[in-house]
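Chemist: Take the sequence shown: its position 40, counted from the start at 1, is 24 in the numbering used here, and no numbers get skipped. Every residue gets a Cβ at the ideal spot worked out from N, C-alpha and C, and that includes glycine. Just so it is clear, the structure is predicted and the values come from calculations on it, not from any experiment.
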Amino acid sequence: MATDLLQTYYEWANATEIKVLDWVDPDGGWKVHPMADYPLADFASVLAICVGYILFVVFGSALMKLGIPAIKTSPIQFIYNPIQVIACSYMFMETAIQAYRNGYSPAPCNAFKADDPVMGNVLYFFYLSKMLDLCDTVFIVVGKKWRQLSFLHVYHHLSVLIIYYIVFRVAQDGDSYASVVLNGFVHTIMYTYYFVSAHTRDIWWKALLDADPAHPVRDHECAGLLHVLSPLPRYAPDDPAHLFGVRSVAVLAVRQLLRALVRPCAEEGFHC
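1. Quick check on the burial criterion: 16 or more other C-beta atoms within 10 angstroms. Buried or exposed for E1?
2. Closest to H183 by CA distance: which of Y22, T(-8), Q61 and S134 is it?
3. For L(-10), count neighbouring C-beta atoms within 10 Å of its own C-beta (all shown protein chains included) and say buried if the count is 16 or more, exposed if not.
4. Who are the near neighbours of L31 in its chain, counting only those whose CB is closer than 7 Å to its CB and skipping five residues on each side?
5. For V(-15), count the other beta carbons within 10 Å of its own beta carbon; 16 or more makes it buried, fewer makes it exposed. Which is it?
6. Is H141 helix, strand or coil when you go by DSSP?
7. Pull up the distance between the alpha-carbon of L5 and that of C93, whole angstroms please.
8. Can you tell me which of T(-8), M174 and S160 puts its alpha carbon nearest to the alpha carbon of N105?
9. Taking the alpha carbon of K56 as the reference point, which residue from R153, K128, Q132 and M174 has its own alpha carbon closest?
10. Would you check if the distance between the CB atom of L112 and the CB atom of Q156 is smaller than 8 Å?
11. Give a yes or no on whether the C-beta atoms belonging to Y64 and K114 are separated by under 8 Å.
12. Sorted by chain position, which residues of the same chain lie with C-beta nearer than 7 Å to D26's C-beta, five sequence neighbours on each side aside?
13. Assuming T121 and H137 are in contact, meaning their beta carbons sit under 8 Å apart, how far apart are those beta carbons, in whole angstroms?
14. Among the candidates F169, V151 and I52, whose CA atom is the shortest distance from the CA of F96?
15. So the candidates are M19, S181, V164 and C34; which of them puts its Cα closest to the Cα of A98?
16. Can you give the Cα-Cα distance for M75 and V125, rounded to whole angstroms?
17. Relative to the C-alpha of Y177, which residue among V8, I187 and D9 is closest?
18. Taking the continuous alpha helix (DSSP H) assigned at T(-8), which residues delimit it?
19. What whole-angstrom Cβ distance do W14 and R153 have, given they're in contact under 8 Å?
20. So which of D117, Y84 and G168 has the shortest CA-CA distance to I33?
21. Does any CB atom of chain C fall closer than 8 Å to the CB of A(-14)?
22. If you check the beta carbons only, do A28 and Y84 fall under 8 Å apart?
23. Quick one: which unbroken alpha helix (DSSP H) runs of 4-plus residues sit fully inside the segment 54 to 108? Chain order, please.
24. Kindly indicate which residue of G87, S89 and A80 has the alpha-carbon position closest to the one of N167.
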């Protein structure tokens, strides 16, 4: 029974994936992607992860609010944050190096090779890193840090994961590299800050970040805005899903930041 249900799900997901990718790239360039069969790079996987993530946020939060004591996550984050620093700095440097070696420009319209993507491997690694980023929400929920759990936080993680599944499948080269460089750089600084702030209070470069150890969701809002401000990946044709995703994150981030600005400065944890 379970096997039949799983088979039915995969058949539906594979058929849906073809429709989605054909809609995004009607020219069919995604069909010659040499890395399309990489693990987790399919619609069935990303949809299952997204549904599982939403279920965890909803039911995990409900269970924790029933009286389960908060779980101390600092020992795990002591390992998690350096892993993120290493991964993000690698993606930032590797993408920048590959762009330099292949004569890429910060301006749009770089060479796009659908069947031999220069940026294919690093984009795949970047896509996987968006799954690792979901652990941020796990730490928030099990630690019962409810002020950090906003709709924007959840929406940002989900939308970025879905967007970069599409980017990896249909925009696996060319201008897509720019957002990886920017995001990798920002997240390297962000997770370095998280790691350092767990050991000391006096961080001279704290003022350079829109961050607060008690409210790391602020950094996700900034990262979301930087996604929007970064050069859009070059799609053939332009991807309406990507445009909707980055613009909706921008609107939600601005709304969240405006709400924070009008709150009383005396409210604990906020800085005006």
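Modeler: Taking the geometry as given:
1. Classification of E1: buried, given that the 10 Å Cβ count is 16 or more.
2. Among Y22, T(-8), Q61 and S134, the Cα nearest to that of H183 is on Q61.
3. Exposure of L(-10) is indicated by the presence of fewer than 16 other C-beta atoms within 10 angstroms of its C-beta.
4. So the qualifying residues of the chain are A(-3).
5. In the sequence under discussion, the amino acid at residue -15 is Met, which differs from the Val named in the question. Counting Cβ neighbours within 10 Å, M(-15) comes out exposed, since fewer than 16 surround it.
6. If DSSP states are grouped into helix, strand and coil, H141 belongs with the helices.
7. Within the model, the alpha-carbon separation for L5 versus C93 is close to 21 Å.
8. Closest by alpha carbon: S160.
9. Taking only the C-alpha atoms, the option nearest K56 is K128.
10. Going by C-beta atoms, L112 is not nearer than 8 Å to Q156.
11. Cβ distance not < 8 Å, so Y64 and K114 don't count as in contact.
12. So the qualifying residues of the chain are E1.
13. Indeed they touch by this definition, with Cβ atoms about 7 Å apart.
14. For the set F169, V151 and I52, the Cα lying nearest the Cα of F96 is the one of V151.
15. Scanning M19, S181, V164 and C34 for the CA closest to the CA of A98 turns up M19.
16. A direct Cα-to-Cα measurement between M75 and V125 gives close to 28 Å.
17. Of V8, I187 and D9, the residue nearest in Cα terms is I187.
18. For T(-8), the enclosing alpha helix (DSSP H) covers residues A(-14) to V8.
19. Between R153 and W14 the Cβ distance is about 5 Å, and since that is below 8 Å, they are a contact.
20. Here the closest residue by C-alpha is D117.
21. Chain labels in this structure do not include chain C; a single protein chain is all it has.
22. No, Cβ-Cβ distance for A28 and Y84 is not below 8 Å.
23. Segments of the alpha helix (DSSP H) lying fully in the segment 54 to 108: 58 to 85.
24. Checked all of G87, S89 and A80; the closest Cα to N167 is A80.
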